[in-house]
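Please read the structure below before turning to the comments.
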Amino acid sequence: MSTERTIKESPLCTISTSVCPILRSFDDPIRHYAASKSRVDTGRLLVSRGADINARDNANQLSLHRAATTGSVGFINLLLNPPEGSPKTRLNTADRVGNTPLHLAMESAHAEAACLLVEAGADRTRENLDGEMPEDLEGVGGQEQRRARAYVIERCGKRA
8 MSTERTIKES
18 PLCTISTSVC
28 PILRSFDDPI
38 RHYAASKSRV
48 DTGRLLVSRG
58 ADINARDNAN
68 QLSLHRAATT
78 GSVGFINLLL
88 NPPEGSPKTR
98 LNTADRVGNT
108 PLHLAMESAH
118 AEAACLLVEA
128 GADRTRENLD
138 GEMPEDLEGV
148 GGQEQRRARA
158 YVIERCGKRA
């Protein structure tokens, strides 16, 4: 009986485990392992082996959503700069509640991650299903949220 299986449920990988043996060692979807844990080395390996960086999970999230949620600047840079010949990362894909990666970065007060997304062309005016734009989300709230919002405005300018 073959132990080979095809990973389709994770946004970072839709390739066979026979192509990428590292996939056999993880029970969690690669999206959670690589993007959430800021494992840029693992992400780079998977992308170089043909992983689909625009594949969606059951929540309609891309790897970019997960990296933005955790503020993984290195992983975001990897996804924003795919190898030559690879498709571009979709910046403005909404998850099942309408949040784009920029919404999630702002909600978690990851200002540097948010700036990378804005500078790459993320839509600052896109509303989620609750009618909220990324910079309007309360998220973690308090002073941390205000600082993140101020940093994004200082570095990227005011929203159009």
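The number in the numbering used here is simply the position in the sequence shown, starting from 1, with 7 added. Built from N, CA and C at the ideal position, the CB exists for glycine as well.
Inter-residue Cα distance where the pair is Glu-91 and Gly-57: Straight-line spacing of the CA atoms in Glu-91 and Gly-57 works out to 12 Å.
| field | 8 Å Cβ cutoff met for Glu-142 and Arg-166 | value | Judged by their CB atoms, Glu-142 and Arg-166 are nearer to each other than the 8 Å cut-off.
*Excluding the 5 residues preceding and the 5 following Val-80 in the sequence, name in chain order all residues of the same chain whose CB lies nearer than 7 Å to its CB.*
Same-chain partners within the cutoff: Glu-119, Ala-120, Leu-123.
>> Measuring alpha carbon to alpha carbon, tell me which residue in Ala-101, Gln-150, Val-147 is nearest Arg-131.
In response: When only C-alpha atoms are compared, the closest one is Ala-101.
For my contact list, Met-113 and Ala-155 are in at a C-beta cut-off of 8 Å; report their separation, rounded to the angstrom.
7 Å
**Prompt:** Going by alpha carbons, who is nearest to Val-159 out of Arg-103, Ala-129, Leu-136, Thr-77?
**Reply:** Ala-129
- Item | Leu-109 and Ala-75 closer than 8 Å at C-beta | Going by C-beta atoms, Leu-109 is nearer than 8 Å to Ala-75.
Exercise. Check whether the Cβ atoms of Ala-127 and Leu-85 lie closer than 8 Å to each other.
Key: no
Give a yes or no on whether the C-beta atoms belonging to Arg-97 and Leu-136 are separated by under 8 Å.
no
Distance check for Gly-146 and Ile-6, CA to CA, integer angstroms please.
No information on residue 6 is available, as it lies outside the stretch 8 to 167 that the chain covers here.
Q. Going by beta carbon distance, what residues of the same chain come within less than 8 Å of Gly-3, once the five residues before and after it are set aside?
A. Outside the displayed range of the chain (8 to 167) lies residue 3, so it cannot be described from this structure.
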